[in-house]
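Here the structure is laid out as structure tokens; the discussion comes afterwards.
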Amino acid sequence: MNKQNRLSQASSPYLRQHADNPVDWYEWGDEALLKAKTENKPLIISIGYAACHWCHVMAHESFSDEEIAEFMNFHFVCIKIDREERPDIDRIYMEAAQLLSGRGGWPLNAFALPDGRPFYAATYFPPDQWMDALHQFIHLFQNEYPRVLQAATSLTEGIRTNPLPGILNSKPFNKVDYREAYENQINAIDFKLGGTSGAPKFMMPTGLEFLLQYHYLTGDQKALDAVTITLDAMAKGGIYDQVGGGFSRYSTDQYWKVPHFEKMLYDNAQLITLYALAYQLTNKPLYAEIVEQTIEFAERELRHSEGGFYASIDADSEHEEGKFYVWSKQDVESVLDPATAEIVLRFYQVSDYGNWEKGKNILHYKDNKVTFAGENGMSVIELKAILQTATKSLLEQRNNRIRPATDDKILTSWNALMISGYVNAFRALGNEQLLKGAISNARFLETNMLRDNGLLFRVYKDGKVSTEAFLDDYALLTDAYISLYEVTFDLHWLQLSQLLTGYVLNHFADAENQLFFYTSDQAENLIARKHEISDNVIPASNSVFAHVLFKLGILLEKADYTQMANEMLFKIRRETVQQGAYYANWAMLLGKMVYPTFEVSILGENAVPFNLEMQKKYLPTAVFAGGINENLPLLHNRLVENETVIYVCQNKTCNSPVISAIAALELIKADF
């Protein structure tokens, strides 16, 4: 067995996965950078994450090879980075790879000067190509250094000067802008199979949430169809764990059948929200089932005993991708009685030859449950009962298998998404346990990650925090705390939102560009200080923070916050309108600005139950405040003795108060 390297002392599960490599890995830090400068050696900066399948492949093929490791150790200073702990570093070297090739992904491998400036970056290398690259780049560094220096200078300049968006025009935001943003997104939708056309298919929750909002505000049926076709296909596919609940990271095929099997907290958190919102809008039972099952999965497999959620579950077990999740026909028949097995095998498309490797099957289904039940002479209720009992038995058997590894670090931003997911599930389903789950998570982050001055940490592992937070941590947690206030009317969560917002304004602002840097002015100086503006699988930190400022501007009657949100969107207007899919969260903010946004104030003894009755409905352009006290400017002079009243207002202009949730909802509906 190899002697362990210094990564055996790392807290990151991803770094510890490389502790047995013969490569002399360093963590990112002064020790490695000083060694490189002192010995005049180039850096290898290898970046990945614990659940990354191809990261495991490269670790096994190349970083575990004695000959390759010996060459790396002699000629380079080798640094391993967990992208989830240091997204700021990952962002820089990923941009280098994208500037060079137009592509990115993980594992990400960068070659850099001793000061960290990259001269080359790419993703996965097979072992022979990796060895060739090592020889090529050390030869260039030692014998043609001016070429290497020029490449590093040019690439670093590209990273530093990547242009921010220009102004589209000076007109006020309008519904034409909103329509154009929609058209640019809807044209990419695959209306047969869901998602965007082609493969692989990534779940893009923010884009689908924008389409829900667009349907609600405009009545456009095509927007809703795009969402329901996608959500139905995902729920039926192999990308969804039909036995244990929860979603894998993406589908390798266009049919959602064959996933990369890693399960990420951020995907599942956002999909809880998306399915909950879709359920509010459609009342489709399938969507409620997916919400409940995904939460059951998260509670069972990702919940920390003190309240937070772990980051991910690996794709691989026993060195095989997906082995934990797939089934042979004989596997199913050995667990279930013959009659049940016969139904399960047909429903989930299980065959002798399989649809995966080695004759195994990824469970998925083609017909909806109503169709299948009708064709098989049973009611939908009977079919659901059979499937529920069967999948419970299969899950119990599966739990005896060797499990994929869990990355048990807790990340602030991803946990904030989970708080929002639970809040939205609570709104849709009304289950008090969901609210308790959200509050438990919120308190965990408050207790462990947040300091009295608003300083926030990103990573919790084994009772210790590390890495000062980035803008996504602040923005997503602030947004989650606002959501908690809106469903509880507990002022504590709004006060924490103010604290976090103040810290961002003081330490992340870029006064020249009306936007916010990804890193604090207190953070380590890297070769560039970047802005995150485009929405990807997770919405951009700037777009989330713009929503935060917009909502807090209403709740706290702070016109400067609302103006900042307006200026941020104005800065991103061109991209929002012309590149809808990657600016969908900005487009949702645009929707709030060009259609009525409602300030709903509920005061009196029944404020909370009235509030929850209203929030069962999908209301994407309403902001809620209330309670039994006039404790916000928005609530002043609105309390009526011995009565619970609801004010529905726009731009501080209010309708006469009403005394039922139904009446208040009618006032909102009347404006569309």
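Here the sequence shown stands for residues 1045 to 1716, numbered as in the numbering used here.
Backbone N, C-alpha and C define an ideal beta-carbon position, used for all residues, glycine too.
Using only the alpha-carbon positions, how far apart do residue i and residue j sit?
i: residue 1343; j: residue 1193; result: 51 Å
i: residue 1218; j: residue 1638; result: 6 Å
i: residue 1045; j: residue 1108; result: Legend: pLDDT at residue 1045 = 48, less than 50; position of this residue unreliable, no value from coordinates given.
i: residue 1441; j: residue 1409; result: 21 Å
i: residue 1454; j: residue 1353; result: 6 Å
i: residue 1209; j: residue 1632; result: 18 Å
i: residue 1214; j: residue 1407; result: 53 Å
i: residue 1595; j: residue 1606; result: 8 Å
i: residue 1088; j: residue 1127; result: 15 Å
i: residue 1341; j: residue 1241; result: 29 Å
i: residue 1331; j: residue 1576; result: 31 Å
i: residue 1707; j: residue 1643; result: 15 Å
i: residue 1358; j: residue 1660; result: 35 Å
i: residue 1488; j: residue 1549; result: 24 Å
Looking at the unbroken beta strand (DSSP E) that takes in residue i, where does it start and where does it end?
i: residue 1693; result: 1689 to 1694
i: residue 1339; result: That residue, residue 1339, is in no beta strand (DSSP E); its alpha helix (DSSP H) goes 1329 to 1345.
i: residue 1467; result: No beta strand (DSSP E) holds residue 1467; the alpha helix (DSSP H) holding it covers 1456 to 1473.
i: residue 1070; result: 1069 to 1071
i: residue 1512; result: 1508 to 1512
i: residue 1653; result: Segment 1651 to 1659 is the alpha helix (DSSP H) holding residue 1653; no beta strand (DSSP E) there.
i: residue 1075; result: Here residue 1075 belongs to no beta strand (DSSP E); instead the alpha helix (DSSP H) covers 1074 to 1083.
i: residue 1647; result: 1642 to 1647
i: residue 1125; result: 1121 to 1126
i: residue 1730; result: In the structure as shown, the chain begins at 1045 and stops at 1716. Residue 1730 is therefore absent and cannot be evaluated.
i: residue 1671; result: 1666 to 1671
What's the call for residue i, buried or exposed, on a 16-neighbour Cβ count within 10 Å?
i: residue 1286; result: buried
i: residue 1073; result: exposed
i: residue 1047; result: exposed
i: residue 1337; result: buried
i: residue 1082; result: exposed
i: residue 1078; result: exposed
i: residue 1176; result: exposed
i: residue 1554; result: exposed
i: residue 1191; result: exposed
i: residue 1170; result: exposed
i: residue 1310; result: buried
i: residue 1429; result: exposed
i: residue 1545; result: buried
i: residue 1604; result: exposed
i: residue 1070; result: buried
Go to residue i, then tell me how far its alpha helix (DSSP H) extends in each direction, as first and last residue.
i: residue 1621; result: 1617 to 1622
i: residue 1133; result: 1131 to 1145
i: residue 1684; result: Where residue 1684 is concerned, there is no enclosing alpha helix (DSSP H), given that its DSSP letter is neither H nor E.
i: residue 1174; result: 1171 to 1187
i: residue 1430; result: 1424 to 1442
i: residue 1401; result: Run containing residue 1401: none; DSSP gives neither H nor E here.
i: residue 1484; result: 1476 to 1493
i: residue 1165; result: Looking at the DSSP string, residue 1165 is not in any alpha helix (DSSP H); the run it does join, the beta strand (DSSP E), is 1162 to 1166.
i: residue 1060; result: 1057 to 1060
Tell me which residues share the same chain as residue i and place their Cβ nearer than 6 Å to its Cβ, disregarding the 5 neighbours each side in the sequence.
i: residue 1465; result: 1313, 1316, 1317
i: residue 1463; result: 1482, 1485, 1486, 1524
i: residue 1125; result: 1072, 1091, 1133
i: residue 1435; result: 1287
i: residue 1148; result: 1138, 1141, 1142
i: residue 1105; result: 1171
CB-CB under 8 Å to residue i, same chain, minus the five flanking residues each way: which ones, in chain order?
i: residue 1432; result: none
i: residue 1426; result: 1417
i: residue 1547; result: 1497, 1498, 1499, 1500, 1518
Whose C-beta lies closer than 7 Å to the C-beta of residue i among residues of the same chain, with five residues either side of it excluded?
i: residue 1347; result: 1353
i: residue 1564; result: 1512, 1551, 1552
i: residue 1244; result: 1294, 1295, 1296
i: residue 1232; result: 1240, 1241, 1625
i: residue 1068; result: 1049, 1117, 1122
- Task: Mind the definition here: the stretch 1213 to 1226 touches the stretch 1276 to 1293 only if three or more C-beta pairs lie below 8 Å; say whether that holds.
- Result: As far as the Cβ criterion goes, the stretch 1213 to 1226 does not touch the stretch 1276 to 1293, which means the pair count is below three.
- Task: Check whether the stretch 1584 to 1596 touches the stretch 1555 to 1565, counting contact only when three or more Cβ pairs, one atom from each stretch, lie closer than 8 Å.
- Result: Result yes; three or more Cβ-Cβ pairs closer than 8 Å.
- Query: Quick check: the stretch 1608 to 1620 against the stretch 1535 to 1544, are there 3 or more CB pairs under 8 Å?
  - Reply: The stretch 1608 to 1620 vs the stretch 1535 to 1544: no contact.
- Query: Does the stretch 1472 to 1481 touch the stretch 1410 to 1424, meaning 3 or more C-beta pairs lie closer than 8 Å?
  - Reply: Contact annotation: the stretch 1410 to 1424 does not touch the stretch 1472 to 1481, with fewer than three C-beta pairs closer than 8 Å.
- Please determine if the stretch 1525 to 1535 and the stretch 1653 to 1669 are in contact, where contact requires at least 3 C-beta pairs separated by less than 8 Å. The count of Cβ pairs closer than 8 Å, one atom from the stretch 1525 to 1535 and one from the stretch 1653 to 1669, reaches three, so the stretches are in contact.
- Message: Would you call the stretch 1196 to 1206 in contact with the stretch 1567 to 1579, where contact means no fewer than 3 C-beta pairs closer than 8 Å?
- Response: Yes, they touch.
- Item | Cβ contact (3+ pairs, closer than 8 Å) linking the stretch 1365 to 1373 and the stretch 1252 to 1263 | By the Cβ rule, the stretch 1365 to 1373 does not count as touching the stretch 1252 to 1263, because fewer than three pairs are nearer than 8 Å.
- Do the stretch 1500 to 1510 and the stretch 1052 to 1060 make contact, defined as three or more Cβ pairs closer than 8 Å? The answer is yes - the stretch 1052 to 1060 touches the stretch 1500 to 1510, with three or more Cβ pairs under 8 Å.
- Validate contact between the stretch 1371 to 1388 and the stretch 1111 to 1129 using beta carbons, cut 8 Å, 3 pairs: Contact between the stretch 1371 to 1388 and the stretch 1111 to 1129 is not established, with fewer than three Cβ pairs separated by less than 8 Å.
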